[in-house]
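The structure appears right after this line, and notes come after that.
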Amino acid sequence: MQYTFYMPKTVREALEILVQAEGPLKVLAGGTDLMLDIRNKKYQPKGIVDLSGLEELKQITFDDGVVRIGSMVTFTRLANSSLLKERVTVLAEAASVVGSPQIRNQGTIGGNIANASPAADIVPPLVALGAVVQVESAQVKREVPVPEILAGAGKNNLAPDEIITEIKFLLPDEQSRSSFVKFGRRNALAIARMSVATVITLEENLIKEARIALGAVAPNPFRATGLEEMLAGKSPSKEVLEQVIAASSQVVSEKLGNRPSAKWKNEAIKGLMRQALQKLKLV
Ligand SMILES: Cc1cc2nc3c(=O)[nH]c(=O)nc-3n(C[C@H](O)[C@H](O)[C@H](O)COP(=O)(O)OP(=O)(O)OC[C@H]3O[C@@H](n4cnc5c(N)ncnc54)[C@H](O)[C@@H]3O)c2cc1C
Numbered sequence: 051m052q053y054t055f056y057m058p059k060t061v062r063e064a065l066e067i068l069v070q071a072e073g074p075l076k077v078l079a080g081g082t083d084l085m086l087d088i089r090n091k092k093y094q095p096k097g098i099v100d101l102s103g104l105e106e107l108k109q110i111t112f113d114d115g116v117v118r119i120g121s122m123v124t125f126t127r128l129a130n131s132s133l134l135k136e137r138v139t140v141l142a143e144a145a146s147v148v149g150s151p152q153i154r155n156q157g158t159i160g161g162n163i164a165n166a167s168p169a170a171d172i173v174p175p176l177v178a179l180g181a182v183v184q185v186e187s188a189q190v191k192r193e194v195p196v197p198e199i200l201a202g203a204g205k206n207n208l209a210p211d212e213i214i215t216e217i218k219f220l221l222p223d224e225q226s227r228s229s230f231v232k233f234g235r236r237n238a239l240a241i242a243r244m245s246v247a248t249v250i251t252l253e254e255n256l257i258k259e260a261r262i263a264l265g266a267v268a269p270n271p272f273r274a275t276g277l278e279e280m281l282a283g284k285s286p287s288k289e290v291l292e293q294v295i296a297a298s299s300q301v302v303s304e305k306l307g308n309r310p311s312a313k314w315k316n317e318a319i320k321g322l323m324r325q326a327l328q329k330l331k332l333v
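Throughout the sequence shown, residue numbering follows the working numbering, covering 51 to 333 in sequence.
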């Protein structure tokens, strides 16, 4: 297949190329999903807009309580960021277990969101953190909560001339703890994949707020608000945590109904939830 390859040097230039395009174009970040999708004819673009020259999209910054991550930041950079390792463990941990070192060096946070896989590892942490994506076209800049940019398995709510430029969220406070655990690899059977992301804020001996997101249970990762409510306002105890572990199976069962993976995942989630909660060292 023949296509025109564009290499813009600024976001503005990339957006102008997208808006002036005559045929369908695709944005290229790390290419770890896109090149396979083109090879498998999921996409047949007339041109490719390579974002790798856009240095402005490769920063991680922290200012006024807000963490901002450029969409071209790779998994390796997320995993190695001292700010994220210390204060946003859930995100650094998720990035550190993606694919292989090569995939982590290439793949980006923006690509992980836009690709909208049910099993995208970076998405459950972002959902649990309440992250917002900044989306830009040549005409408009908008901010969208992560769950709202996702539109089902492999689908997003981006217009063809829009790109994700930044992801931002409030830095969890110093009394918070977070964790990420996953089961399964990309190339394993679809049933052997699932993930849990938690962000828990403590106040003295109480759980002030709990956020729990599940991956690879529904078309896109989602917050298990019923489980969060079981923790919020409670003093952490083995009993409370066991109740959440047992209830997690119910959440998965309701989502999956009688799908073939349901029986297996209903059980596996309990082990995964136990690990995620144990990592928080609440008791
Ligand atoms: C062997 C292998 C193992 C993998 N393992 C994992 C894993 O363990 N966990 C996991 O979550 N993923 C995994 N992946 C999937 C992949 O690496 C990730 O989804 C990655 O985040 C994609 O990012 P990318 O930068 O490579 O995106 P690309 O492949 O460049 O793009 C992906 C899609 O997003 C669009 N896009 C990219 N950036 C933007 C943007 N800024 N704005 C708008 N649209 C954009 C592209 O047009 C394309 O449709 C694996 C892939 C492979 C090949």
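We put the beta carbon where it would ideally sit given N, CA and C, even for glycine.
As the structure is a prediction and not an experimental result, all values here were calculated from the model.
Residue from the options with nearest C-alpha to residue i
i: residue 98; options: 105, 120, 111, 73; result: 73
i: residue 140; options: 301, 177, 106, 332; result: 177
i: residue 329; options: 291, 312, 310; result: 291
i: residue 231; options: 92, 278, 170; result: 170
i: residue 185; options: 175, 216, 145; result: 216
i: residue 175; options: 146, 316, 104; result: 146
i: residue 151; options: 134, 293, 160, 128; result: 128
i: residue 309; options: 267, 277, 320, 282; result: 267
i: residue 193; options: 68, 243, 219; result: 219
i: residue 320; options: 307, 244, 221; result: 244
Close Cβ partners of residue i (< 8 Å) along its chain, the five nearest in sequence each way excluded
i: residue 96; result: 53, 54, 71, 72, 73, 74, 75
i: residue 156; result: 80, 81, 82, 124
i: residue 225; result: 251, 252, 253, 258
Integer-rounded CB distance, given that residue j should sit under 8 Å from residue i
i: residue 322; j: residue 246; result: 5 Å
i: residue 204; j: residue 166; result: 6 Å
i: residue 44; j: residue 173; result: An answer regarding residue 44 cannot be provided, because it is not within the stretch 51 to 333 covered by the chain.
i: residue 302; j: residue 280; result: Residue 302 to residue 280, Cβ: 15 Å. No contact.
Near ligand 1: residue i beta-carbon under 7 Å from a heavy atom
i: residue 54; result: no
i: residue 90; result: no
i: residue 134; result: no
i: residue 164; result: yes
i: residue 84; result: yes
i: residue 201; result: no
i: residue 161; result: yes
i: residue 77; result: yes
i: residue 153; result: yes
i: residue 101; result: yes
i: residue 298; result: no
Through-space distance from residue j to residue i, alpha-carbon basis
i: residue 60; j: residue 274; result: 39 Å
i: residue 130; j: residue 142; result: 7 Å
i: residue 66; j: residue 188; result: 6 Å
i: residue 286; j: residue 269; result: 31 Å
i: residue 298; j: residue 311; result: 15 Å
i: residue 296; j: residue 56; result: 52 Å
i: residue 115; j: residue 326; result: 26 Å
i: residue 198; j: residue 260; result: 21 Å
i: residue 180; j: residue 122; result: 20 Å
Spatial neighbours of residue i in its chain, beta-carbon cut-off 6 Å, leaving aside the 5 residues before and after
i: residue 195; result: 182
i: residue 100; result: 57, 78
i: residue 255; result: 285
i: residue 227; result: 250, 330
Own chain, CB closer than 7 Å to residue i, minus 5 neighbours either side, in chain order
i: residue 164; result: 206, 208, 214
i: residue 148; result: 125, 154, 157, 171
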